[in-house]
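The next block holds one structure in the form of structure tokens; read it before the comments.
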């Protein structure tokens, strides 16, 4: 056991003021505590934000949307009547993640900030550019079956990273054009999704655009878009497994059978929840048919760069995109 200090914050300003070098925020602890046990995270101070008055779900300012506090537990979010009625895709995504016991503890803010489950990142005896920049990425030549096929930096030497982001909730929020409310030393700001999470680039150790001490206080959803929505997850077992590929989709089909609007995000394929803008544009104004959806999937995945051991994920993603959009069109 490595010693660390503990502080329970009374409000967001109190939490930010206490944050300093070596500090980390503690929400439900379902990911952070595991990383501490593994030696991946070694905080000198835990600032407990789990009891801040950020545990409510209610209407957003301006009407029509929803404001979700960062301390809302995942189980409570999935069960909330407004979420189930107006954003069923989000409820389904949350219920697709982890186990019931973990969802009872995990918070919305913590879910967005959970770290990759790449085995090399979690094993401190192995090099890892995400954990120790410049040390290397053994996943590229090693076990990468469930790692990134798009947006990665496999050829970047000391900056190489093919890790994937594990959150199901974040994929749904990305498709819903959510906005993340943040407070920090520089004040309050709002970050759109996509936009919170980043691709590895030259800094694979940075998962998000947040600065040191920034605290997520809420997630804001716009009014529900027209059409139908669906979240579907392909995984190795029926529960308590991270996505091989997942898709969060919203499809609006006009009375004449043409696609009036489409929003699509993918999980399990990149360092961040992947907004499939190319596929969205490809189906706009076209008949809502399986062939159109398949062509849109091909257009999106043309930029994929699979590694030798995960090329199957391209076919999985193609099939999933087509199947989800086809189901929504019926």
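Residue numbers (this note's numbering): 803 to 1132.
Every residue, glycine too, gets a C-beta built ideally from N, C-alpha and C.
Terminal residues of the continuous alpha helix (DSSP H) containing residue i?
{"i": "residue 887", "result": "883–888"}
{"i": "residue 814", "result": "814–820"}
{"i": "residue 990", "result": "No alpha helix (DSSP H) contains residue 990, which is instead part of the beta strand (DSSP E) from 989–994."}
{"i": "residue 1114", "result": "1114–1131"}
{"i": "residue 910", "result": "910–914"}
{"i": "residue 804", "result": "Unbroken run through residue 804: none, as it is neither H nor E."}
{"i": "residue 975", "result": "970–977"}
{"i": "residue 921", "result": "921–924"}
In whole angstroms, what separates the C-alpha of residue i from that of residue j?
{"i": "residue 1047", "j": "residue 1003", "result": "22 Å"}
{"i": "residue 857", "j": "residue 1001", "result": "30 Å"}
{"i": "residue 918", "j": "residue 892", "result": "21 Å"}
{"i": "residue 901", "j": "residue 970", "result": "13 Å"}
{"i": "residue 1132", "j": "residue 1121", "result": "17 Å"}
{"i": "residue 881", "j": "residue 957", "result": "43 Å"}
{"i": "residue 910", "j": "residue 1066", "result": "21 Å"}
{"i": "residue 787", "j": "residue 932", "result": "Nothing about residue 787 can be read from this structure; the chain reaches only from 803 to 1132."}
{"i": "residue 1077", "j": "residue 977", "result": "7 Å"}
{"i": "residue 1041", "j": "residue 821", "result": "36 Å"}
{"i": "residue 1011", "j": "residue 997", "result": "8 Å"}
{"i": "residue 876", "j": "residue 869", "result": "14 Å"}
{"i": "residue 811", "j": "residue 855", "result": "10 Å"}
{"i": "residue 1082", "j": "residue 1056", "result": "15 Å"}
{"i": "residue 815", "j": "residue 1022", "result": "20 Å"}
{"i": "residue 794", "j": "residue 1019", "result": "Any property of residue 794 remains undetermined from this structure, which presents the chain solely from 803 to 1132."}
{"i": "residue 1115", "j": "residue 1098", "result": "16 Å"}
{"i": "residue 890", "j": "residue 805", "result": "43 Å"}
{"i": "residue 975", "j": "residue 1052", "result": "12 Å"}
{"i": "residue 845", "j": "residue 934", "result": "15 Å"}
{"i": "residue 926", "j": "residue 843", "result": "10 Å"}
{"i": "residue 825", "j": "residue 1087", "result": "50 Å"}
{"i": "residue 852", "j": "residue 903", "result": "16 Å"}
{"i": "residue 1026", "j": "residue 867", "result": "7 Å"}
{"i": "residue 989", "j": "residue 961", "result": "31 Å"}
For residue i, does the count of other Cβ atoms within 10 angstroms reach 16, so buried, or fall short, so exposed?
{"i": "residue 883", "result": "exposed"}
{"i": "residue 829", "result": "buried"}
{"i": "residue 808", "result": "exposed"}
{"i": "residue 949", "result": "buried"}
{"i": "residue 1032", "result": "buried"}
{"i": "residue 803", "result": "exposed"}
{"i": "residue 912", "result": "buried"}
{"i": "residue 1038", "result": "exposed"}
{"i": "residue 878", "result": "buried"}
Residue i CB to nearest chain C CB: under 7 Å?
{"i": "residue 824", "result": "Of the protein chains in this structure there is only one, and it is not chain C."}
Going along the chain, which residues of its own chain have a beta-carbon closer than 7 Å to the beta-carbon of residue i, five neighbours each way excluded?
{"i": "residue 818", "result": "985, 986, 987, 1015 and 1017"}
{"i": "residue 916", "result": "833, 968 and 969"}
{"i": "residue 963", "result": "931, 932, 939, 954, 955, 1002, 1006 and 1073"}
{"i": "residue 1095", "result": "1085, 1123, 1124, 1127 and 1128"}
{"i": "residue 921", "result": "945"}
{"i": "residue 898", "result": "970, 1033 and 1035"}
{"i": "residue 1105", "result": "952"}
{"i": "residue 800", "result": "Since the displayed the chain opens at 803 and closes at 1132, residue 800 lies outside it and no answer follows."}
The beta strand (DSSP E) with residue i in it runs from where to where?
{"i": "residue 898", "result": "Run containing residue 898: none; DSSP gives neither H nor E here."}
{"i": "residue 792", "result": "This structure does not reach residue 792, given that the chain is present from 803 up to 1132, and the question cannot be answered."}
{"i": "residue 1005", "result": "Residue 1005 -> no beta strand (DSSP E), and no H or E assigned at all."}
{"i": "residue 809", "result": "807–810"}
{"i": "residue 986", "result": "981–986"}
{"i": "residue 1100", "result": "Where residue 1100 is concerned, there is no enclosing beta strand (DSSP E), although the alpha helix (DSSP H) it sits in stretches over 1092–1103."}
{"i": "residue 1082", "result": "It is not in any beta strand (DSSP E) - residue 1082 instead sits in the alpha helix (DSSP H) that spans 1079–1085."}
{"i": "residue 864", "result": "No beta strand (DSSP E) contains residue 864, which DSSP labels as neither H nor E."}
{"i": "residue 1048", "result": "1047–1055"}
If you drop the 5 nearest sequence neighbours on each side, which residues of the same chain put their C-beta closer than 6 Å to that of residue i?
{"i": "residue 907", "result": "830 and 832"}
{"i": "residue 1054", "result": "1028, 1029, 1062 and 1063"}
{"i": "residue 896", "result": "876, 879, 880 and 971"}
Just to confirm my understanding: we take residue i, look at its own chain, exclude 5 residues before and 5 after, and list those with CB closer than 8 Å. What are they?
{"i": "residue 886", "result": "880 and 893"}
Touching by the beta-carbon criterion (3+ pairs, under 8 Å), the segment 978–986 and the segment 943–953:
no
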